[in-house]
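Q: Let me give you the structure first, and then I'll get to my questions.
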Amino acid sequence: MTISHTRFLTALLRESPAALRCLIAAVAAFGLIITATSSSHAQQALSLGTAESFAILGGSAITNTGATTISGNVGVYPGTSITGFGTVTLNGASVVHNHDAVAQQTQADDTTAYNALAGLASLTSTRNLSGQNLGGQTLTAGVYDFSASAQLTGALTLNGQGNPNSVFIIIVGSALTTASASSIVLENGAKAGNVFFVVGSSATLGTSTAFAGDILALTSITLNTGATIECGAAWAQNGAVTLNNNTITACTTSAISGSGLVTVSSILPPWASGNQRAVGNGIDAYLSHGGTLPLPFLSLIAFSSPSQLAAAFTQLSGESSTGTAQAGTQAMNSFLSTVINPFGGENRPFADEAIRRPLIVKGPLPADPVAPEPRRWGVWAATYGGEDYASGDVFGVGSHDRSISTFGYITGLDYLVTPNTVAGFALGGGETRFGLLDGLGGGHSDMAQAAVYASTRINAAYLSAALAYAYHQVSTERSVNVAGLDNLAADFSANNVGGRLEGGYRFALPYVGLPGRYGFTPYAAVQAQSFFTPYYAESAISGSSTFALAYNAHTTTTTRTEIGDWFDWSMPAAYDSTLVLSTRTAWAHDYWSAPNMSAMFEALPGSNFTVTGASPPRDLLLASTVAEVWFKNGFSFALRFDGEFAEHAQKYVGTGELRYRF
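Basically the numbering used here = 1-based index in the sequence shown + 25.
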């Protein structure tokens with residue numbers, strides 16, 4: 026069953042006194058006012074029963090002169106006078122209701138709707154038109170009001186801005202009068218079924234006026250000779266409806282009814298992004314299965330131009346959710362790099378052969394005539410922090426620039442199993458933060474990490490491996506201001522597992538004029554991760570939860586292949602120490618299985634859609650610089666700086682490490 030906007034309001038307000046707040050919330054959907062409304066109110070049944078089909082409704086009487094054609098029901102209440110209907114043609118299944126229960130109910134619905142709509146003038150308005158003639162005006166969807174009377178001389182143009190679901194509400198404080206041959210012109214998708222005039226006293230349509238839309242008048246309505254109402258109604262509360270050779274055709278569909286909707290996705294402009302179209306398709310899927318849209322969704326569609334609707338869908342898409350897995354993956358990258366290479370990962374030679382390197386992680390040791398120290402245990406601590414930036418594709422998929430920051434701290438304990446093999450474990454913690462440009466939301470996570478690792482050396486070659494796990498307690502938050510200001514948040518836990526395998530071979534370099542020793546180590550590595558996000562749903566921490574999303578469980582898998590080389594230089598330093606400087610250049614190729622999330626509006630079951638975030642880079646240039654100092658007493662420390670560079674992304678990470686061998 027479909028109903029017009031006015032009839033929908035009547036039914037809704039009749040069903041619940043609290044529904045006025047829903048009406049205000051609906052108007053607020055296009056940014057005019059902010060008010061609170063419960064989700065239960067927003068989902069009231071949109072049904073008016075028998076009143077939906079009325080074209081003419083009088084309070085005291087209905088009179089007709091000449092050949093009038095009416096398509097729609099006719100009713101009068103509390104009056105009983107219907108005259109001149111011998112020359113009236115009633116099309117289709119139109120029925121006349123004279124002072125019966127149906128007419129009584131319809132009049133009650135009309136009164137309730139009139140009171141609610143008239144009240145909008147003081148609550149909110151797109152524009153006050155007092156003192157202006159409607160003729161010559163071009164209005165877009167919205168609420169317009171006159172403090173006193175209104176005159177239409179000539180043509181009033183209603184511009185739907187390409188949205189066939191756009192709604193126009195015109196509130197007149199006293200009388201509405203149209204001059205002869207006046208008209209309402211509908212363009213760019215505007216429909217007569219979505220046009221409503223609320224008149225504070227009486228309405229008079231001049232001779233041959235071509236009117237469009239519903240008229241709700243407090244007193245009476247007069248249609249002079251030849252006046253027509255295309256897809257509309259004439260409802261008078263207290264007075265009479267007077268007809269004279271007219272044609273009135275009732276509208277039974279409207280954007281606000283939901284069932285009269287043109288597909289939402291078809292309203293979007295041709296340049297709409299993939300994410301915007303995905304949201305529209307999700308809403309269409311809900312409607313195609315018989316769903317009824319809550320008021321904020323209806324009003325958003327009714328009062329928005331295609332470009333405004335596209336901008337609103339950007340907010341509604343929940344793109345910020347795609348940052349969770351990407352932030353967790355970046356944190357795991359730093360964790361694995363630090364664990365598998367506790368002091369930078371380079372092949373460190375011995376400048377002073379009397380100083381045995383405490384931890385063999387990579388690469389060979391040069392011939393060492395000095396017996397190794399009996400220090401087999403090592404304890405170490407490290408901290409890292411990084412920033413990651415990726416550019417979005419606003420005009421394609423619809424993604425936005427994304428930033429990620431990570432911070433972590435790690436402690437580890439390892440044991441020199443053989444002179445050339447070390448094994449250990451590490452525990453860590455920290456946090457990630459992620460967000461989108463333009464205030465489209467973000468989040469953070471507190472994480473706990475654990476890993477086991479091992480490294481072995483065979484002559485000049487090395488092989489290292491690590492397996493890690495991370496637990497994330499994630500909080501997300503985003504703001505939606507398409508219907509007031511709604512702050513939506515979610516809390517959930519996520520899990521991440523990853524591993525890295527790396528090997529290389531160190532070549533000693535000849536003396537180049539500077540003291541110390543030099544080495545060159547080509548290496549290759551492979552790394553894999555899986556980040557598991559559970560099903561979770563948002564809730565409103567302020568405002569309404571109408572636009573809250575629920576996200577399906579999702580697994581993001583990434584693999585990295587890496588080829589590069591390290592260059593190292595070591596030399597003796599003061600206080601029985603060795604200084605080691607290293608640099609790295611490498612190429613990495615990343616494969617991401619799915620940098621997106623599947624979402625659904627909680628208020629619209631079945632409205633599933635996929636939102637895609639900024640794509641992580643596939644090919645990257647890696648660069649590193651490391652400075653280490655090793656002391657003969659078993660202490661050592663290191664500072665490391667890493668950069669990753671791609672065409673539309675870059676990442677920077679700094680790491681500090683302290684170690685003691687005993």
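Glycine residues also receive a C-beta, built at the ideal position from the N, C-alpha and C atoms.
Distance check for Ala-128 and Gly-83, CA to CA, integer angstroms please.
A: Position 58 of the sequence shown, counted from the start, is the residue given in the question as residue 83. Position 103 of the sequence shown, counted from the start, is the residue given in the question as residue 128. Approximately 9 Å, taken between the alpha carbons.
Q: Among Ala-297, Ile-194, Ala-674, Gln-130, which residue has its Cα nearest to the Cα of Asp-413?
A: Position 388 of the sequence shown, counting from 1, holds the residue named residue 413. Restricting attention to Ala-297, Ile-194, Ala-674, Gln-130, the CA atom closest to the CA of Asp-413 is found in Ala-674.
Q: Span of the alpha helix (DSSP H) holding Arg-302?
A: What you label residue 302 is simply residue 277 of the sequence shown in a count that begins at 1. Start and end: 299-313.
Q: For the beta strand (DSSP E) containing Pro-189, name the first residue and the last one.
A: Here residue 189 refers to the residue found at position 164 when the sequence shown is read from its first residue. Unbroken run through Pro-189: none, as it is neither H nor E.
Q: Can you look up Asn-366 in the DSSP assignment and give me helix, strand or coil?
A: Along the sequence shown, one-based indexing puts residue 366 at 341. The answer is coil: DSSP assigns Asn-366 none of H, G, I, E or B.
Q: Suppose contacts are defined by Cβ-Cβ distances below 8 Å. Is Ser-208 in contact with Ala-180 by that definition?
A: The count along the sequence shown starts at 1 and reaches residue 208 at position 183. The count along the sequence shown starts at 1 and reaches residue 180 at position 155. Their beta carbons are under 8 Å apart, which means Ser-208 touches Ala-180 by this criterion.
Q: Look up Thr-203 in the DSSP assignment and give the residues it is bridged to.
A: Locating residue 203 in the sequence shown gives position 178, counting from the first residue. Partner(s): Leu-177.
Q: Distance check for Gln-130 and Thr-229, CA to CA, integer angstroms please.
A: Here residue 229 refers to the residue found at position 204 of the sequence shown. Here residue 130 refers to the residue found at position 105 of the sequence shown. Distance between the alpha carbons of Thr-229 and Gln-130: 25 Å.
Q: Does the beta-carbon of Thr-690 have 16 or more other beta-carbons within 10 angstroms, so that it is buried, or is it exposed?
A: Examination of residue 690 is not possible in this model, given that the chain is present from 26 through 687 alone.
Q: Please name the residue, chosen from Gly-167, Ser-96, Val-507, Gly-529, that lies closest to Leu-334 on a Cα-to-Cα basis.
A: The residue labelled residue 334 in the question sits at position 309 within the sequence shown. Across the set Gly-167, Ser-96, Val-507, Gly-529, the C-alpha of Val-507 shows the shortest separation from the C-alpha of Leu-334.
Q: Kindly confirm or deny that the region 206-225 and the region 236-252 touch, where touching means at least three C-beta pairs closer than 8 Å.
A: yes
Q: Beta strand (DSSP E) containing Thr-546: first to last residue?
A: On the sequence shown, residue 546 is found 521 positions in, with the first residue counted as 1. First-last of the beta strand (DSSP E) with Thr-546: 542-558.
Q: If we count the other Cβ atoms within 10 Å of its Cβ and call it buried at 16 or more, is His-614 buried or exposed?
A: For the purposes of this step, residue 614 is taken as the residue at position 589 of the sequence shown. A residue is called buried once 16 or more other Cβ atoms fall within 10 Å of its Cβ, and His-614, having fewer, is exposed.
Q: Could you give the first and the last residue of the continuous alpha helix (DSSP H) run that contains Ala-336?
A: Here the question's residue 336 lines up with position 311 in the sequence shown. Counting along the chain, the alpha helix (DSSP H) containing Ala-336 begins and ends at 331-341.
Q: Kindly indicate the opening and closing residues of the beta strand (DSSP E) around Ser-428.
A: Position 403 of the sequence shown holds residue 428. Residues 427-443.
Q: According to DSSP, simplified to helix, strand and coil, what is Ser-155?
A: Locating residue 155 in the sequence shown gives position 130, counting from the first residue. Coil.
Q: What's the C-alpha gap between Asn-521 and Ala-352?
A: The residue labelled residue 521 in the question sits at position 496 within the sequence shown. The residue labelled residue 352 in the question sits at position 327 within the sequence shown. About 11 Å.
Q: Cβ atoms of Ser-96 and Ala-275: under 8 Å apart, would you say?
A: One-based indexing of the sequence shown puts residue 275 at position 250. One-based indexing of the sequence shown puts residue 96 at position 71. Contact: yes.
Q: Taking all protein chains shown into account, decide if Val-266 is buried (16 or more other Cβ within 10 angstroms of its Cβ) or exposed.
A: Your numbering for residue 266 matches position 241 in the sequence shown. It is buried - the Cβ of Val-266 has at least 16 other Cβ atoms within 10 Å.
Q: Determine the DSSP secondary structure at Gln-129, reduced to helix, strand or coil.
A: Here residue 129 refers to the residue found at position 104 of the sequence shown. The answer is helix: DSSP assigns Gln-129 an H, G or I state.
Q: Classify Arg-686 as buried or exposed, calling it buried when 16 or more other Cβ atoms lie within 10 Å of its own Cβ.
A: Taking the sequence shown and counting its residues from 1, one reaches residue 686 at position 661. Counting Cβ neighbours within 10 Å, Arg-686 comes out buried, since at least 16 surround it.
Q: Run through DSSP, which three-state label would Asp-134 get?
A: Taking the sequence shown and counting its residues from 1, the one referred to as residue 134 is at position 109. Looking at Asp-134 - three-state DSSP - the assignment turns out to be helix.
Q: So, with DSSP's three-state summary, where would you put Asp-418?
A: For the purposes of this step, residue 418 is identified with residue 393 of the sequence shown, where counting begins at 1. Three-state DSSP puts Asp-418 in coil, outside helix and strand.
Q: Given Leu-465, which residues of its chain have a CB within under 8 Å of its CB, disregarding the five upstream and five downstream residues?
A: Counting from one through the sequence shown, the residue named residue 465 turns up at place 440. Non-local beta-carbon contacts of Leu-465 in its own chain, meaning distances under 8 Å to residues more than five positions away in sequence, involve Thr-339, Gln-340, Glu-344, Ser-345, His-425, Arg-503 in chain order.
Q: In terms of alpha-carbon separation, which member of Ala-514, Thr-151, Asn-358, Val-499 lies closest to Glu-669?
A: The sequence position of residue 669 within the sequence shown is 644, counting from 1. The candidate whose alpha carbon is nearest that of Glu-669 is Asn-358.
Q: Taking the Cβ atom as the reference point for each residue, do Phe-459 and Gly-541 lie within a distance shorter than 8 Å?
A: Residue mapping note: residue 459 aligns to position 434 of the sequence shown, counting from 1. Residue mapping note: residue 541 aligns to position 516 of the sequence shown, counting from 1. Contact check for Phe-459 against Gly-541 fails: the beta carbons are separated by 8 Å or more.
Q: For the 8 Å Cβ check, are there 3 or more pairs between the region 305-322 and the region 165-174?
A: no
Q: Going by DSSP, what residue range makes up the beta strand (DSSP E) through Ser-623?
A: One-based indexing of the sequence shown puts residue 623 at position 598. That run of the beta strand (DSSP E) goes 621-626.
Q: Am I right that Ser-489 and Ser-480 are in contact with their C-beta atoms under 8 Å? What's the rounded C-beta distance?
A: Counting from one through the sequence shown, the residue named residue 489 turns up at place 464. Counting from one through the sequence shown, the residue named residue 480 turns up at place 455. Going by Cβ atoms, the distance from Ser-489 to Ser-480 rounds to 4 Å, so yes, they are a contact pair.
Q: By the three-class DSSP mapping on this structure, what secondary structure does Gln-498 have?
A: Here residue 498 refers to the residue found at position 473 when the sequence shown is read from its first residue. In the structure shown, Gln-498 sits in a strand (DSSP, three-state: E or B).
Q: Measuring alpha carbon to alpha carbon, tell me which of Phe-322, Leu-320, Tyr-409 ends up nearest Val-364.
A: By 1-based counting over the sequence shown, the position of residue 364 is 339. Here the closest residue by C-alpha is Tyr-409.
Q: Going by C-alpha distance, which of Ala-486, Val-505, Gln-474, Leu-513 is nearest Gln-498?
A: Numbered from its first residue, the sequence shown carries residue 498 at position 473. Of Ala-486, Val-505, Gln-474, Leu-513, the residue nearest in Cα terms is Gln-474.
Q: Which first and last residues belong to the alpha helix (DSSP H) in which Pro-321 is found?
A: Locating residue 321 in the sequence shown gives position 296, counting from the first residue. Here the alpha helix (DSSP H) through Pro-321 covers 320-327.
Q: My output table needs one value for Glu-672: the three-state DSSP class, helix, strand or coil.
A: For this step, residue 672 is matched to residue 647 along the sequence shown. In this structure, Glu-672 counts as coil in the three-state DSSP scheme.
Q: What is the DSSP secondary structure of Gln-69, reduced to helix, strand or coil?
A: Mapped onto the sequence shown, residue 69 falls at position 44. Caution applies to Gln-69, whose pLDDT of 29 falls short of 50 and renders its modelled position unreliable; the value that the coordinates give is listed next. In the three-state scheme derived from DSSP, where H, G and I count as helix and E and B as strand, Gln-69 is classed as coil.
Q: For Ala-67 and Tyr-496, what's the separation of their Cα atoms in angstroms?
A: Residue 67 sits at position 42 when you count from the first residue of the sequence shown. Residue 496 sits at position 471 when you count from the first residue of the sequence shown. For Ala-67, the predicted structure reports a pLDDT of 27, less than 50, and the residue's modelled location is therefore unreliable. A value from the coordinates is still provided. Their backbone Cα atoms lie some 38 Å apart in a straight line.
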